[in-house]
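Going by the working numbering, the final residue of the sequence shown carries number 299, and the count climbs one at a time with no gaps.
C-beta: ideal position from N, C-alpha, C; glycine also.
This one's a predicted model, so the numbers in the text were calculated from it and none came from an experiment.
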Amino acid sequence: MWSLFRYLYRHHVVILFLFLEIIGFILIFSYNSFQRAGFINSSAYITGKIYDRYSSITDYFNLSIVNRQLSEENARLRESLLAQARNEDSTGTIQYIRNDSVRSFQFIPARVINNSVNRQHNFITLNKGARHGIRPDMGVLTPQGVAGVVSHVSDSYSVVISMLNLRWNVSAKLKRNNYFGSLTWDGKDYRYALLNEIPFHVDLMEGDTIVTSGFSSIFPEGMPLGIIESYKKEGGDNFYQIRVRLSVDFKSVTYVEVIDNRKRPEIEALEKLTNNGKDLD
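Encoded structure:
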């Protein structure tokens with residue numbers, strides 16, 4: 019207690035000055051409208067700055083929620099666009115599909131929790147699994163294009179064979195003229211892949227867009243794969259050597275969509291009968 023008294027006595031001049039200053043400000047702002055308005059404006063500015071800073075901080079921590087919501091919305095929009103495109107009639111007029119049951123493809127949003135790009139056999143791990151509807155052999159897309167195909171699934175997680183994997187290829191075609199081939203990765207650069215089986219007589223141009231052919235039940239037709247970076251005629255097999263710059267930057271993949279082709283079991287069952295040489299009648 020005596021310490022407090024000594025402190026107050028030692029600084030009584032400063033304390034008295036501050037007290038009188040506060041009294042003076044109160045009198046000024048209470049009885050002078052001009053000064054009061056200035057004080058209110060200044061305090062509003064400072065308060066606004068504080069709230070703005072607080073909002074920026076909370077927005078940062080809410081980014082994961084916003085990204086998840088955007089990913090889910092993107093999946094719904096992609097379903098809608100595919101449904102419209104597949105229902106386009108001969109006149110080019112889009113007939114809007116109102117019944118979800120007739121749509122072939124469903125898109126399941128997921129987040130990447132692990133990813134590799136520097137190996138010969140790269141994989142991507144997702145935070146969704148069997149209980150979310152994901153099964154092996156489902157295609158995986160990013161907003162930029164094809165990322166890979168699901169290989170293994172647990173209840174809550176799934177592992178994807180990345181396009182950057184020597185053991186995987188995807189049926190691809192030239193968007194401009196529909197000539198198709200096989201897109202594979204050569205294990206060298208995560209930004210590039212090779213398009214094979216395109217014969218010499220096909221007209222090519224640097225910058226041509228490469229998309230999925232739609233010849234498998236994994237990916238819808240027309241999903242982006244990349245653009246032709248360069249091509250040349252070499253060897254005696256009558257096929258171009260085509261270098262494709264991939265549309266997906268695999269070092270920055272964060273959110274993906276897993277493709278569920280609802281008609282795939284029917285397609286594969288029919289093709290299995292055909293491959294076994296059985297009479298379809």
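Which term fits residue i, buried or exposed, when burial requires 16 or more other beta carbons within 10 angstroms of its beta carbon?
i	result
K251	exposed
S231	buried
D70	Only weak support is given to the placement of D70: the predicted model assigns it a pLDDT of 48, under 50, and the value that follows is read from those uncertain coordinates. The residue is exposed, with fewer than 16 neighbouring Cβ atoms inside 10 Å.
G147	buried
I58	Reliability fails at I58, whose pLDDT of 48 lies under 50, so the model's placement of it is uncertain and the value that follows must be treated cautiously. When all chains shown are included, I58 counts as exposed.
N183	buried
V31	exposed
F125	buried
M223	exposed
N293	exposed
N133	buried
Which whole-angstrom value describes the C-beta separation of residue i and residue j, a residue pair presumed to lie in contact below a C-beta threshold of 8 Å?
i	j	result
V262	L201	7 Å
V274	L144	7 Å
I260	I246	6 Å
F257	E215	6 Å
D204	L212	6 Å
I236	V167	6 Å
D278	G151	6 Å
L243	L264	7 Å
D173	R209	Actually they do not touch by this definition, with Cβ atoms about 35 Å apart.
D226	R185	Actually they do not touch by this definition, with Cβ atoms about 27 Å apart.
Going by the DSSP bridge assignment, what does residue i pair with across the sheet?
i	result
T202	N187, L212
P242	V229
T15	In the structure displayed, the chain extends from 19 to 299; residue 15 sits before or after that span and is not available.
N279	F123
L264	G244
T160	G163
Y249	I260
L192	I228
P217	F257
V274	A128
H170	V177
For the candidate residues the options, whose alpha-carbon lies nearest to that of residue i?
i	options	result
V135	V271, E289, G151	V271
L192	A165, V167, M241	M241
Q162	K290, R28, V229, I33	V229
S122	M156, E289, V164, R282	R282
V158	L288, R209, P127, L34	P127
E239	V188, V32, E289, K269	V188
I165	K269, L34, L38	Looking at the sequence itself, residue 165 is Ala, so the reference to Ile does not match. Ranking K269, L34, L38 by Cα distance to A165 puts K269 first.
R153	I40, N294, Y175	Y175
P217	Y197, T160, E284	Y197
R280	H29, S21, M156	M156
E284	D255, S234, Y249	S234
H219	D207, A190, D255	D255
Give a single yes or no on whether residue i has its beta carbon closer than 7 Å to a heavy atom of the ligand ZN.
i	result
S231	This structure lacks the ligand ZN; in fact it carries no ligand of any kind.
Count the CB pairs spanning the segment 136-148 and the segment 172-184 that are closer than 8 Å, and state whether there are at least three. yes
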